[in-house]
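> Quick one: structure below, then a few questions.
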Amino acid sequence: WEPGEPGEPGWERGGEALGGQGLLALAVASGGAAWATWALLLMPGFRRVPLRLQVPRSPIPASPNPTPAPTPALTPLCPQVPYQPSSPRQVANALALLRGREGKTVDLGSGDGRLVVEAYRQGLRPALGYELNPWLLCLANYRAWKAGYHGKVSFLKEDLWKVDLSDCYNVIVFLAPSVKPLLATKLLAELPDGARVVAGRFPFPSWIPSSTLGQGLEQVWAYDMKEVRRAAQSSPQGSLV
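The numbering used here puts the first residue of the sequence shown at 12, with every later residue one more than the last.
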């Protein structure tokens, strides 16, 4: 077909038809814009795990006939935690396991603030989130303002690995499975016995949940710290991380 013929498979732009090459260029440009948005706006919010929380590797004994060292795996020394928004069902399930509880509620890696805002709406107060990404913090504060909770909920630009959680009784964790064992160490050391931890998407691998709700990616798990510590004391290793 010549440009301008009826039925041409293209889009009209400025009086000219946008053919196959134009559509391909548009798709590439859209993909590049999406990648740039992710790299520039969301990647800065990744939370690195401090080295002090990582399990040290055992030294390899010397061999009388040393062989060339294998190429190291391309794994970062500090695992990173990407932002991924929670679905409405995940939010509902997580807060259902905290219903009726009292005390300070925190979301570790609060993203756009949806869990914190809904927690406050359901009576979990005070409610606050920790997040490093400044763009997500702006979005979270806008969400709180839109819901009428400006000044009532808090979103703090702080590293979740450095904050003190000793006064937190309701902890929401929607983080990648790679950091759950390391985070378990921090929670065991800092949370009070009366605290409850709700994990979304992925459970803590060595903890036995007090209750669970949902299925598949919508599933959430609740852990009561008193029971977790009791199980840790009775385990052969003496700890559950």
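Cβ atoms here follow ideal geometry from the backbone N, Cα and C, with glycine treated the same way.
Give the secondary structure of Leu202 by DSSP, where H, G and I count as helix, E and B as strand, and everything else as coil.
For the purposes of this step, residue 202 is taken as the residue at position 191 of the sequence shown. DSSP places Leu202 in coil when its eight states are reduced to three.
> Under three-state DSSP, which class holds Gly264?
The structure shown does not extend to residue 264, since the chain is modelled only from 12 through 252, so no value can be given for it.
> With H, G and I counted as helix, E and B as strand and the rest as coil, what does DSSP make of Arg207?
In the sequence shown, residue 207 corresponds to position 196, counting from 1. It is a strand residue.
> Report the three-state DSSP secondary structure of Lys173 (helix, strand or coil).
Residue numbering aside, residue 173 sits at position 162 when the sequence shown is read from its first letter. Of the three classes helix, strand and coil, the one that applies to Lys173 here is coil, per DSSP.
> Please report the distance separating the alpha-carbon of Gly162 from that of Ser245.
The count along the sequence shown starts at 1 and reaches residue 162 at position 151. The count along the sequence shown starts at 1 and reaches residue 245 at position 234. The straight-line gap from Cα to Cα measures roughly 44 Å.
> Decide if Ile183 is buried, meaning its Cβ has at least 16 other Cβ atoms within 10 Å, or exposed.
The sequence position of residue 183 within the sequence shown is 172, counting from 1. Buried.
> When the Cβ atoms of the region 224-240 are set against those of the region 110-123, are three or more pairs found closer than 8 Å?
No contact exists between the region 224-240 and the region 110-123.
> May I ask you to report which of helix, strand or coil DSSP gives Tyr94?
If you number the sequence shown from 1, residue 94 lands on position 83. Residue state, collapsed to three classes: coil.
> Let me know the secondary structure DSSP gives Lys168 once reduced to three states.
Translated into the one-based positions of the sequence shown, residue 168 becomes position 157. It is coil, neither helix nor strand.
> How big is the Cα-Cα spacing for Arg136 and Leu224?
Residue mapping note: residue 136 aligns to position 125 of the sequence shown, counting from 1. Residue mapping note: residue 224 aligns to position 213 of the sequence shown, counting from 1. Going by the C-alpha atoms only, they are around 22 Å apart.
> What is the DSSP secondary structure of Ser222, reduced to helix, strand or coil?
Counting from 1 along the sequence shown, the entry for residue 222 is found at position 211. Strand at Ser222.
> Quick check: what's the CA-CA separation for Leu167 versus Leu35?
The count along the sequence shown starts at 1 and reaches residue 167 at position 156. The count along the sequence shown starts at 1 and reaches residue 35 at position 24. Each residue's alpha carbon lies about 42 Å from the other.
> Can you find at least 3 beta carbon pairs, one from the region 129-145 and one from the region 100-118, that sit closer than 8 Å?
Contact holds: three or more Cβ-Cβ distances are below 8 Å.
> Compute the beta-carbon to beta-carbon distance between Asp170 and Leu143, rounded to the nearest angstrom, for a pair I have assumed lies under 8 Å.
Here residue 170 refers to the residue found at position 159 when the sequence shown is read from its first residue. Here residue 143 refers to the residue found at position 132 when the sequence shown is read from its first residue. The pair is a contact, with the Cβ atoms about 6 Å apart (cut-off 8 Å).
> What did DSSP end up calling Tyr141 once you bin it into helix, strand or coil?
Working through the sequence shown from its first residue, we reach residue 141 at position 130. Strand at Tyr141.
> In whole angstroms, what separates the C-alpha of Gly175 from that of Arg241?
Residue mapping note: residue 175 aligns to position 164 of the sequence shown, counting from 1. Residue mapping note: residue 241 aligns to position 230 of the sequence shown, counting from 1. The question names Gly, but residue 175 is Asp in the sequence shown. Spanning the two alpha carbons is a distance of roughly 22 Å.
> Under a three-way DSSP split, which group does Tyr160 fall into?
Reading the sequence shown from its first residue, position 149 is the one you call residue 160. Looking at Tyr160 - three-state DSSP - the assignment turns out to be coil, as it is neither helix nor strand.
> Do you know how far the Cα of Gln32 is from the Cα of Pro214?
Here the question's residue 214 lines up with position 203 in the sequence shown. Here the question's residue 32 lines up with position 21 in the sequence shown. About 47 Å.
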